[in-house]
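Data block below; observations after.
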Amino acid sequence: MSNLSALQVIARPRHQSGQRTVREIYGCVEALRKRGCGVALRWVPAHEEDFSMGPLAKAAAKRATRDECVAEPAAFQARSTMLRLLLNGQRHFATIPERVGKWSRRIDKALPGKHTRKLYDGMKKKEASVLAQLRTGKTRLNSYLHKIGAVESDECACGQSAETVEYFLFRCRRWILQREIMLRYARGKAGDLSFFLGGKAASDNDKWQPDMEAVRATVQFALATKRLNTDQQPTTD
Numbered sequence: 111m112s113n114l115s116a117l118q119v120i121a122r123p124r125h126q127s128g129q130r131t132v133r134e135i136y137g138c139v140e141a142l143r144k145r146g147c148g149v150a151l152r153w154v155p156a157h158e159e160d161f162s163m164g165p166l167a168k169a170a171a172k173r174a175t176r177d178e179c180v181a182e183p184a185a186f187q188a189r190s191t192m193l194r195l196l197l198n199g200q201r202h203f204a205t206i207p208e209r210v211g212k213w214s215r216r217i218d219k220a221l222p223g224k225h226t227r228k229l230y231d232g233m234k235k236k237e238a239s240v241l242a243q244l245r246t247g248k249t250r251l252n253s254y255l256h257k258i259g260a261v262e263s264d265e266c267a268c269g270q271s272a273e274t275v276e277y278f279l280f281r282c283r284r285w286i287l288q289r290e291i292m293l294r295y296a297r298g299k300a301g302d303l304s305f306f307l308g309g310k311a312a313s314d315n316d317k318w319q320p321d322m323e324a325v326r327a328t329v330q331f332a333l334a335t336k337r338l339n340t341d342q343q344p345t346t347d
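Okay, here's the thing in structure tokens:
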């Protein structure tokens, strides 16, 4: 974020104005933490030219202020400070709110669950970033970028279809060679989005566990394409 004062208030809340907004931020942080995701807030000057995510953040912020956008209700009673919120051992969530994480719940029927930590354990920062993009659906693929107004078209550069997560992982012919690593661990589940992203499908039984070899193969495929790199500029070329 470019507002240093806002970042300081979030880090050390006292009795300043905007406490409701701060509590909502804490709620989002806790929701992500319960799903095994780490959160870090960093100050970036507004004029920083090398910050490639800036245009995406601005487009998303503008989209969130449209009339049809409705804020989610608070999921729980926030604590007075972020430290106490993040370190307390109580469970604030029994389920994911109905209107939150539709994409994640679609690919993983076990959410929220302890298996999410297993998915990210041992991963490097870039690997974790790629997996998080794919599991949340908020990726640098054109389908999502078009949805938030960052690019003009959702079409894949191959020109054959919208560049969705499914199309990117399983069907785009630009990545046939890179996709070989995923096929080695398909185990008869080629094209199964839940399987390759470490999620539980509706057909899986109670003894289900994520196949970490398949998950790591998916991450390595995505890294090999360089399509989800955070330093990659949005493009429809």
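Count along the sequence shown from 1, then add 110; that gives the number in our numbering.
Built from N, CA and C at the ideal position, the CB exists for glycine as well.
Just so it is clear, the structure is predicted and the values come from calculations on it, not from any experiment.
| Asked | Found |
| --- | --- |
| Spatial neighbours of A170 in its chain, beta-carbon cut-off 6 Å, leaving aside the 5 residues before and after | I258 |
| Those residues which DSSP pairs with E265 across a bridge | A272 |
| C-beta neighbour in chain D for V275, strict 8 Å | Absent from the structure is chain D; it holds one protein chain and no more. |
| Inter-residue spacing [alpha-carbon to alpha-carbon] between A272 and R152 | 33 Å |
| Touching by the beta-carbon criterion (3+ pairs, under 8 Å), the region 219-227 and the region 296-316 | yes |
| Cβ neighbour criterion (16 or more within 10 Å) applied to N315 | exposed |
| Backbone secondary structure at T249 - three-state DSSP | coil |
| Y277: first and last residue of the uninterrupted alpha helix (DSSP H) it sits in | Segment: none, Y277 is in no alpha helix (DSSP H) and carries neither H nor E. |
| Exposure of T249, with buried meaning 16 or more beta-carbon neighbours within 10 Å | buried |
| Close Cβ partners of V139 (< 6 Å) along its chain, the five nearest in sequence each way excluded | V149 |
| Reduced DSSP secondary structure (H/G/I, E/B, other) of C147 | coil |
| Rounded separation between A167 and G247 - CA only | 16 Å |
| Straight-line gap, E134 to V154 (C-alpha atoms, nearest Å) | 22 Å |
| Q330 versus I291, R145, A300, residue with shortest Cα-Cα distance | I291 |
| Three-state secondary structure (DSSP) of T340 | coil |
| Integer-rounded CB distance, given that L303 should sit under 8 Å from I217 | 5 Å |
| Terminal residues of the alpha helix (DSSP H) in which A121 lies | 114-121 |
| Where the alpha helix (DSSP H) containing V329 begins and where it ends | 322-335 |
| Continuous alpha helix (DSSP H) stretch holding M292: start and end | 290-294 |
| Where A121 falls, given that 16 or more other Cβ within 10 Å makes a residue buried | exposed |
| Where W318 falls: helix, strand or coil (DSSP) | coil |
| Beta-carbon gap between F278 and L251 smaller than 8 Å | yes |
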